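Here the sequence shown is numbered in the numbering used here, starting from -2 and rising by one per residue. Where is the CB? At the ideal position from N, CA and C, for every residue including glycine. Note that the structure is a prediction, hence the values are computed from the model and not measured.
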Amino acid sequence: MSSFARAITLFSCLTATAKAFPTNTPVAVRDTPSCPEPNKTARVYANELYNLFPGQPDLASPAVADFHVQYNNQTGLVIQQAAVFSKLPKEATGCYFGWAQDDAYTGVLVAGGDGLLTGRQLAGFPNVTEGVSSAAVKPFDTATPDKAFETEFTSWDREIKGTYHISSPGKISCAEDVYLILEKPQTTNGNVFLKRGQEAGIFLEYRC
């Protein structure tokens, strides 16, 4: 292959990569969140995720790495998930929920059935020393219906290139520690699994 041909091939690869993740993608923050530059946003990915089983409210589960929410009206299986986002900057404002998926060749996203999920902010969080249960989270689940947000996973597991999705703003109050609960509404069957990766996972986006 000539030098010119190799250059064209390399340019094509770089172009494809840029299209997979838009150039205005906010800075991802996984360790110590900080304020982004003026007029820009930053992301903090969930520090901890806990599976909740309302059918067994006292079952305490340890933290898990991946996102998983499910409802099945035949078996009655309900899996909710509580998410912890820690150490946001005190100046953070305009927080809203989002999620990102990796390329299909490297990441794992499964969206079976109806992938429309709902979420809401928790007023606090229980002690996690021995795991977290549905019953322990319930006293903090006090958000009114108008504070609930939706996020759509349906059919996104068909995508090849990585991308990201954000929910409507105004539903989450920024704080140094933010706690959310996410679930599949018990109207239609659905099963969503998102494996955490380099870019994949659930996050909060904010500005300062």
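Report the three-state DSSP secondary structure of A197 (helix, strand or coil). coil
Cβ neighbours of S164 in the same chain (closer than 7 Å, five flanking residues each side left out): Hits under 7 Å: Y93, F94, G95, F146, E147, T148.
So what does DSSP say about V134, is it helix, strand or coil? In the structure shown, V134 sits in a helix (DSSP, three-state: H, G or I).
Output yes or no for whether 8 Å exceeds the beta carbon distance between L201 and V41. yes
R204 bridges to which residues according to DSSP? T90
At what residue ranges does the region 30 to 87 contain a whole run of the beta strand (DSSP E), taking only runs of 3 or more? 39 to 42, 45 to 49, 64 to 68, 75 to 82
Once the 5 residues before and after N124 are set aside, which same chain residues still bring their CB inside 6 Å of it? Excluding positions up to five away in sequence, the list is empty.
Buried or exposed: Q71, going by 16 or more other Cβ atoms within 10 Å of its Cβ? exposed
Just to confirm, are Q195 and D63 a CB contact at a threshold of 8 Å? no
8 Å Cβ cutoff met for L179 and F150: Result no, Cβ atoms of L179 and F150 do not sit closer than 8 Å.
Does the region 82 to 90 come into contact with the region 159 to 175, if we say contact requires no fewer than three beta-carbon pairs (one atom in each stretch) closer than 8 Å? yes
Return yes when the Cβ of W153 is within less than 8 Å of the Cβ of A101, no when it is not. no
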